[in-house]
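In the numbering used here, the protein residues as written are 152 to 509.
Don't be surprised by glycine CBs; every beta carbon is placed ideally from N, CA and C.
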Amino acid sequence: MKNIWVLCGGPSTEFEVSLSSGRVVCERIRLDEYVVRPVVITRSRRWILAERVLEKDSDRAWLATFFKMAADPSSTKVGLDVAEAAARMIGEGVHCAFLALHGQFGEDGAVQGFLETLGIPYTGSGVLASAIAFHKILSLDIFRGAGLTTPRGMRVHRETAISEILEQLQLPVFVKPVRGGSSVGMSYVEKEEDLAPAIALALATDTEALVEEKVDGVEVSCGVLDLVRDGNIVSTPLPPTEIRPLESAYFDYEAKYRPGKSKEITPANLQPTIIRKIQLCALRAHQALGCEGMSRTDMIVREDGEPVVLETNTIPGMTPTSLLPQQAEAIGMSFADFLDTLITHASQREQLRCKQTG
């Protein structure tokens, strides 16, 4: 039986989303080959370990109570510091850390470096790919270098003058933190007077912001999974999802995580030739960044059929409304199979690294 720790939470603007992902993983993961321990990392970086584990034929009803307690800032549960958590992971012989961490610390390469230092395999991309993908400016540079089309945009700081932005870009624009996800701190700006407050909102969670011109077209998202085939790892694009927000101007936080706030069509209702273009763009983005295990690339398909790449997520959401599990299901892969695929990839990657290092 493989000892799996599911890590979620973290000192991030996406704490709640991460908790939801972690809970769903624990509720859906198969237990015939795994012993699973849920772990919530608090905003103050304390590690709260479930005192019970999930194993074959065990009851999962206690999960709701555990996650509620771990998410409560007034809880008396202190948890472990990072050194104690590291010792516990090594002591228990953790075979794989399943990362359901989103945003800062979880998706930016920090926890990946921590786990590599401990020699513990983990799901998803490595340190460098995670860090670059999480930094929107750097990832856009990589995309353009790989021949992908991206929106017109510019990097701004607190000192950047509004006049300078308007000289280079045309409204409407999107303003977003350079490092962040789930549309937290993001604004859609149509009027000049709204630009400064939008930048202030983005800079409330980051030291710099990205301002991008709006691209008209169909919003889509396309995942890539690294599948293990005969001992080899094969990066495989999934059927893309067409996204139609029902109440908001774009795919904001509410549209992403509140059921009924958006319509998601998987596979996207687009021509097969355009579907293939989207998949090739997602695969190229995945490979250009050096992603591993999984990724999900968001795009706008213009009227001329050209996909415009917005960003790549290395740890996409795993909530009931999340897109990557929907896309895996579209090729006949159940949620449990999807989780198995990520763990299998992590194990295979570790075996290949061991061979390379002798």
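Below 8 Å on the Cβ atoms is my contact criterion, and I expect residue i with residue j to pass it. Report the Cβ-Cβ distance as a whole number of Å.
i, j, result
"Leu431", "Glu393", "The pair is not a contact, with the Cβ atoms about 17 Å apart (cut-off 8 Å)."
"Leu291", "Gly260", "At roughly 18 Å, the Cβ-Cβ gap does not stay under 8 Å, so Leu291 and Gly260 are not in contact."
"Phe249", "Ile494", "7 Å"
"Leu389", "Val375", "7 Å"
"Ala481", "Pro423", "Between Pro423 and Ala481 the Cβ distance is about 14 Å, and since that is not below 8 Å, they are no contact."
Taking just the CA atoms, how far does residue j sit from residue i?
i, j, result
"Gly336", "Lys506", "43 Å"
"Tyr185", "Leu434", "30 Å"
"Asp232", "Met445", "29 Å"
"Phe256", "Pro189", "18 Å"
"Tyr469", "Ala251", "The amino acid occupying residue 469 in the given sequence is Met; Tyr does not appear at that position. In a straight line, the C-alpha of Met469 is about 8 Å away from that of Ala251."
"Arg196", "Asp210", "28 Å"
"Ile283", "Gly244", "30 Å"
"Tyr273", "Ser498", "8 Å"
"Ile293", "Ala439", "7 Å"
"Ile313", "Val326", "12 Å"
"Val176", "Ser169", "11 Å"
"Lys228", "Asp357", "30 Å"
"Met152", "Leu182", "9 Å"
"Leu474", "Phe486", "12 Å"
Within 10 angstroms of its Cβ, does residue i collect 16 or more other Cβ (buried), or is it exposed?
i, result
"Arg504", "exposed"
"Gln502", "exposed"
"Asn383", "exposed"
"Tyr408", "Low confidence applies to Tyr408: its pLDDT is 48, below 50, so where it sits in the model is not reliable enough to give any reading."
"Ile350", "buried"
"Gln477", "buried"
"Ala221", "buried"
"Thr164", "buried"
"Pro348", "exposed"
According to the Cβ coordinates, are residue i and residue j closer than 8 Å?
i, j, result
"Leu200", "Arg174", "no"
"Ile426", "Val369", "no"
"Gly254", "Gly160", "no"
"Gly275", "Thr492", "no"
"Gly304", "Glu359", "no"
"His125", "Ser386", "The shown model of the chain, from 152 to 509, leaves out residue 125, and the question about it has no answer."
"Met240", "Ile192", "no"
"Thr472", "Thr448", "no"
"Cys373", "Pro391", "yes"
"Leu361", "Ile416", "no"
If you scan the segment 174-237 from start to end, which runs of the alpha helix (DSSP H) of 4 or more residues do you find wholly inside it?
214-222
Curious, which full-length beta strand (DSSP E) runs of at least 3 residues does the segment 245-278 contain?
247-250
At 4 residues or longer, what runs of the alpha helix (DSSP H) sit wholly inside the segment 284-340?
287-296 and 313-319
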